[in-house]
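Report on the following structure.
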Amino acid sequence: MAISRIARTGAIVAAATLALTACSTGTGGDGASGDCAPSDGPVTLTFTSWLPGVEEAVAIWNEENPDIQVNVQTGPNGLGGTYQNFFNQLAAGNAPDLGQIEYDAMPNFRVQDGLENIAACEGILDARSQFVDWTWSQVTFGEENAVYAIPQDTGPMAMFYRADLFEEAGIDVPTTWDEYRAAAEAIREEGGYITNFSQSDINQFAGFVWQTGGQWFSNSGDEWQVNLTGDESLMVAEYWQGLLADDLVSANPPWTDEWNAAFNNSEVWTWVSAVWGANTILSGAPDTAGNWAVAPMPQWEAGASAAGNWGGSTTAVLKGSDHPYEAAQFALWLNTDADALTAMNRTAQIYPATIEGANLPVFTQGVEFYGGQEIYQVFAEAGTNVDPNFVWGPTMTQVYNDVADGFSGAISGTGTLMDALTAGQQSTIAALRAASIPVQE
Amino acid sequence: MSTDTPTRGKPKSRAVRHRGALLVFLAPFGVLFTLFYIVPILYAIYQSTLVVERDGTFGAARQVFGGLTQYIAVFQNDAFWQSIGRVMLFGIVQVPIMLGLALLLALLLDSPLVRGTKFFRLAFFAPYAVPGVIAAIMWGFLYSPNLSPFTDVTRAIPFLSGELVLWSIANVVTWVYVGYNMLIIYSALLAIPQEIYEAARLDGAGQARIAWSIKIPLVVPALVLTGIFSIIGTLQLLAEPQVFRSFTSTVTSDFTPNLLIYSTASVPNVSLAAAMSVVLALTTFILSFTVLKLTQRRTQA
Numbered sequence: 001m002a003i004s005r006i007a008r009t010g011a012i013v014a015a016a017t018l019a020l021t022a023c024s025t026g027t028g029g030d031g032a033s034g035d036c037a038p039s040d041g042p043v044t045l046t047f048t049s050w051l052p053g054v055e056e057a058v059a060i061w062n063e064e065n066p067d068i069q070v071n072v073q074t075g076p077n078g079l080g081g082t083y084q085n086f087f088n089q090l091a092a093g094n095a096p097d098l099g100q101i102e103y104d105a106m107p108n109f110r111v112q113d114g115l116e117n118i119a120a121c122e123g124i125l126d127a128r129s130q131f132v133d134w135t136w137s138q139v140t141f142g143e144e145n146a147v148y149a150i151p152q153d154t155g156p157m158a159m160f161y162r163a164d165l166f167e168e169a170g171i172d173v174p175t176t177w178d179e180y181r182a183a184a185e186a187i188r189e190e191g192g193y194i195t196n197f198s199q200s201d202i203n204q205f206a207g208f209v210w211q212t213g214g215q216w217f218s219n220s221g222d223e224w225q226v227n228l229t230g231d232e233s234l235m236v237a238e239y240w241q242g243l244l245a246d247d248l249v250s251a252n253p254p255w256t257d258e259w260n261a262a263f264n265n266s267e268v269w270t271w272v273s274a275v276w277g278a279n280t281i282l283s284g285a286p287d288t289a290g291n292w293a294v295a296p297m298p299q300w301e302a303g304a305s306a307a308g309n310w311g312g313s314t315t316a317v318l319k320g321s322d323h324p325y326e327a328a329q330f331a332l333w334l335n336t337d338a339d340a341l342t343a344m345n346r347t348a349q350i351y352p353a354t355i356e357g358a359n360l361p362v363f364t365q366g367v368e369f370y371g372g373q374e375i376y377q378v379f380a381e382a383g384t385n386v387d388p389n390f391v392w393g394p395t396m397t398q399v400y401n402d403v404a405d406g407f408s409g410a411i412s413g414t415g416t417l418m419d420a421l422t423a424g425q426q427s428t429i430a431a432l433r434a435a436s437i438p439v440q441e
Numbered sequence: 001m002s003t004d005t006p007t008r009g010k011p012k013s014r015a016v017r018h019r020g021a022l023l024v025f026l027a028p029f030g031v032l033f034t035l036f037y038i039v040p041i042l043y044a045i046y047q048s049t050l051v052v053e054r055d056g057t058f059g060a061a062r063q064v065f066g067g068l069t070q071y072i073a074v075f076q077n078d079a080f081w082q083s084i085g086r087v088m089l090f091g092i093v094q095v096p097i098m099l100g101l102a103l104l105l106a107l108l109l110d111s112p113l114v115r116g117t118k119f120f121r122l123a124f125f126a127p128y129a130v131p132g133v134i135a136a137i138m139w140g141f142l143y144s145p146n147l148s149p150f151t152d153v154t155r156a157i158p159f160l161s162g163e164l165v166l167w168s169i170a171n172v173v174t175w176v177y178v179g180y181n182m183l184i185i186y187s188a189l190l191a192i193p194q195e196i197y198e199a200a201r202l203d204g205a206g207q208a209r210i211a212w213s214i215k216i217p218l219v220v221p222a223l224v225l226t227g228i229f230s231i232i233g234t235l236q237l238l239a240e241p242q243v244f245r246s247f248t249s250t251v252t253s254d255f256t257p258n259l260l261i262y263s264t265a266s267v268p269n270v271s272l273a274a275a276m277s278v279v280l281a282l283t284t285f286i287l288s289f290t291v292l293k294l295t296q297r298r299t300q301a
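Protein chains in written order, with the UniProt record's numbering: chain A, 1 to 441; chain B, 1 to 301.
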């Protein structure tokens with residue numbers, strides 16, 4: 001059931017530069033270059049990931065590097081259990097050498113001291129120029145001489161829609177959120193729903209806020225500011241609250257069989273999602289092959305081209321790895337090598353975080369499931385329209401849980417999405433204080 | 001006392017040998033009990049007394065002794081007490097229904113008027129052989145408005161809605177455990193001496209009268225036992241609501257105390273989660289003990 005939630009979250013930089021990093025703990029790969037030396041003899045690394053079919057890419061590496069063998073352990077997606085496993089394993093001192101971590105969870109792992117700084121490892125700092133700027137600042141937290149993970153993929157958002165159904169019903173494909181609502185009303189009259197509101201996965205909502213120009217967190221270096229209830233967030237919440245109130249969107253819990261079934265039986269017509277969502281539809285709604293198409297996500301103002309980002313992962317070297325040098329080399333290879341990127345796209349439809357990756361043949365071809373459309377062009381375009389300055393907080397698991405609980409309540413009739421954000425604002429500040437993380441009241 | 005010296009040595013050595021055997025037989029239990037029960041509990045108590053300190057927004061965390069800080073946080077945590085309230089409501093409704101059903105089934109099986117008792121005994125018990133998670137998945141599909149084989153029913157009655165989902169879960173729990181509780185009560189019924197029934201029949205009592213005046217009073221200890229097990233099980237509800245989260249988002253991350261502890265631990269805020277666990281354990285203990293005392297007083301009176 002954990003299909004392809006590859007990388008739900010995306011993100012950008014905790015821009016703050018921290019004066020204190022230099023004197024934190026001092027074990028592992030922090031600091032001077034001597035700290036990241038190759039190990040003697042053959043090594044075996046462990047790598048935990050939930051990317052579908054990641055084993056294929058790893059097999060290529062194992063073939064080419066007999067002395068650095070990588071064992072893949074697959075698990076549920078990050079919030080579905082893998083992060084909790086990582087936290088437990090880190091506390092117990094037996095975390096895998098490498099782990100898949102989404103951008104939005106990076107601050108959380110950093111705060112828990114779970115990431116090895118691999119800046120001193122050979123070739124890592126030089127790799128900067130290969131990656132899309134915002135992904136690199138995401139893994140360095142904007143600091144010099146710090147690299148906490150290698151970016152893997154990004155999740156620029158666009159709109160998947162049922163081209164066949166729109167055409168049959170004579171409804172125009174919406175380009176603005178106003179048109180989207182009008183289309184929702186027309187589709188409801190046809191007996192369908194324009195989309196499913198992602199009530200228990202708040203990443204999609206965060207992506208909408210991101211598109212609108214909102215910010216949930218900022219970090220001044222001395223303290224965090226939490227702002228779940230900014231004007232942009234409330235505007236997005238009111239829009240969706242309106243659709244929910246008029247029964248224009250369905251509310252199946254995301255990532256369930258029920259939710260897949262709604263796509264598969266043509267009840268749900270569109271999904272504003274990230275590039276990796278291509279895999280979700282493909283595997284969850286096989287009966288609809290050939291009927292989907294991709295268009296830019298609806299805009300608040302006609303003619304605009306803002307996009308949100310939803311998801312995107314990194315490959316991090318986890319604290320306590322005995323072989324940070326080899327682990328860093330593997331992480332860099334996995335996310336820059338043309339064969340590896342092609343293999344991961346084939347099995348998981350991910351879109352690489354490297355600049356060159358976008359030019360791989362696989363990203364310039366039409367995709368059969370999507371009627372032969374060159375869908376990656378749409379996402380590449382969206383990628384350039386993503387605001388690079390969205391900051392994630394240090395307790396996103398809690399934020400998602402609390403806001404999702406509030407959203408579920410709103411859907412079953414207690415409160416509104418706006419109330420849920422207000423409650424989430426308070427509980428997030430409380431959670432940061434409980435973890436002694438300085439936060440502005 | 002009056003034994004002579006040679007024999008006095010014998011029991012002594014036998015006692016020593018006996019103690020060795022005791023140790024051998026108790027060791028596996030003792031070691032496992034200590035490792036997987038005592039040590040985790042002590043560790044949870046220790047963990048619950050810690051708080052985190054750090055400098056700056058990404059400063060390294062230090063765990064320091066914080067006294068009762070986490071416990072104060074638990075008592076101020078609305079979500080925690082709401083979840084306790086929710087499972088209490090669940091228990092007040094579900095436990096009597098389940099035990100009533102279990103008692104009824106046990107009495108039917110024990111009644112000489114019913115045929116095919118062997119078959120029914122197995123049939124009633126069979127759901128307990130289904131692992132709880134599997135049972136929850138199965139019922140989740142049955143309740144689901146689009147995936148159920150009975151979509152006409154599930155679309156008309158929103159089993160997974162905010163109002164009904166607690167009772168839908170209660171139905172799953174009842175389905176799984178009614179046979180198990182029935183078996184305990186049934187064993188207690190089998191232990192009742194036949195002479196009592198003979199005496200009752202001589203006095204002219206029918207089957208219903210025997211059930212009401214003899215069988216039920218005599219299985220009260222079994223009912224108390226199953227009642228206490230059920231109270232503990234209710235407060236610790238985790239698997240069924242956790243599974244239901246993949247069918248409906250009306251089961252929130254703080255739906256039951258254990259779910260809340262689980263999501264608190266994944267923040268990760270393990271100290272607060274540990275304090276919640278300790279408070280939950282104490283609540284369970286107090287509640288079970290109270291029920292035990294109350295029922296004992298009543299049966300003695």
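Ideal Cβ placement from N, Cα and C applies to all residues, glycine included.
For S49 of chain A, no alpha helix (DSSP H) encloses it; the enclosing beta strand (DSSP E) starts and ends at V43 to S49. Cβ atoms of S436 of chain A and D402 of chain A stay farther apart than 8 Å, at about 19 Å. By alpha-carbon distance to T290 of chain B, the top candidate from B:V243, B:A265, B:I232 and B:Y43 is B:I232. Restricted to the region 210 to 272 of chain A, the beta strand (DSSP E) segments that are unbroken, complete and at least 3 residues in length are 217 to 219 and 224 to 226, listed in chain order.
Residues of the region 233 to 250 of chain B with a C-beta atom less than 7 Å from some C-beta of chain A are S246, F247, T248, S249 and T250, listed in chain order. Using a Cβ distance threshold of 9 Å, P156 of chain A and V275 of chain A count as a contacting pair. With the criterion set as a beta carbon lying under 9 Å from some beta carbon of chain B, the members of the region 96 to 124 of chain A are P107, N108, R110, V111, Q112 and D113, in sequence order. Closer than 9 Å to the CB of P96 of chain B there is not a single CB belonging to chain A. Counting C-beta atoms within 10 angstroms of its own C-beta, T384 of chain A has fewer than 16 neighbours from the protein chains shown and is therefore classed as exposed. In chain order, D257, E258 and A261 make up the part of chain A whose C-beta sits under 8 Å from the C-beta of L147 of chain B. With a threshold of 9 Å between beta carbons, S253 of chain B makes contact with chain A. Between L292 of chain B and chain A, the shortest Cβ-Cβ separation is not below 9 Å. Taking a C-beta distance under 9 Å as the contact criterion, A149 of chain A and V362 of chain A do not qualify as a contact pair. Annotated as proximal: T397 of chain A and S266 of chain B, with beta-carbon spacing under 9 Å.
The Cβ atoms of T364 of chain A and Q130 of chain A do not sit closer than 9 Å to each other. One thing to note: A343 of chain A has its Cβ within 9 Å of the Cβ of E56 of chain A.
Counted as a single uninterrupted DSSP element, the alpha helix (DSSP H) harbouring S168 of chain B occupies residues V165 to L190. Shown in chain order are the members of the region 366 to 398 of chain A whose Cβ falls below 7 Å from a Cβ of chain B: T395, T397 and Q398. As DSSP reads the structure, Q373 of chain A sits in a beta bridge with A:V367. For R162 of chain A, no alpha helix (DSSP H) segment is defined; the enclosing uninterrupted segment is the beta strand (DSSP E) at M157 to R162. Using a Cβ-Cβ cut-off of 9 Å, I437 of chain A counts as an interface residue toward chain B, since at least one Cβ of chain B sits closer than that to its own. Residue range L98 to E102 is occupied by the beta strand (DSSP E) that includes L98 of chain A. By the C-beta criterion, the region 46 to 59 of chain B is judged to be in contact with the region 261 to 278 of chain B, since at least 3 inter-stretch pairs fall below 8 Å. Taken in chain order, no unbroken stretch of beta strand (DSSP E) lies wholly in the region 209 to 258 of chain B with a span of 3 residues or more. Taking D419 of chain A as reference, the option from A:W50, A:G308 and A:L228 with the minimal CA-CA separation is A:L228. Among the bridge pairs identified by DSSP, P352 of chain A is matched with A:D153. Chain-order list of chain A residues neighbouring A135 of chain B: empty, with the shortest C-beta distance near 17 Å, by a criterion of under 7 Å. Between S198 of chain A and W216 of chain A, the C-beta spacing is not below 9 Å.
Under the Cβ distance rule, R54 of chain B counts among the residues neighbouring chain A, one pair being separated by less than 9 Å. Contact check for S187 of chain B against L99 of chain B fails: the beta carbons are separated by 9 Å or more. At a cut-off of 9 Å between C-beta atoms, F166 of chain A does not count as an interface residue with respect to chain B.
Chain B places no beta carbon closer than 9 Å to that of D246 of chain A, leaving this residue out of the contacts.
Contacts with chain A (Cβ-Cβ distance below 9 Å) from the region 35 to 60 of chain B involve V51, V52, E53, R54, D55, G56, T57, F58, G59 and A60, listed in chain order. Of all residues in the region 257 to 283 of chain B, only S263, A265, S266, V267, P268, N269, V270 and L272 come within less than 8 Å of chain A when Cβ atoms are compared, listed by chain position. For S168 of chain B, no chain A residue has a C-beta closer than 7 Å to its own C-beta; the minimum C-beta separation is roughly 14 Å. Minimum Cα-Cα distance from S49 of chain A among the listed residues A:F208, A:G413, A:L244 and A:L98 corresponds to A:L98.
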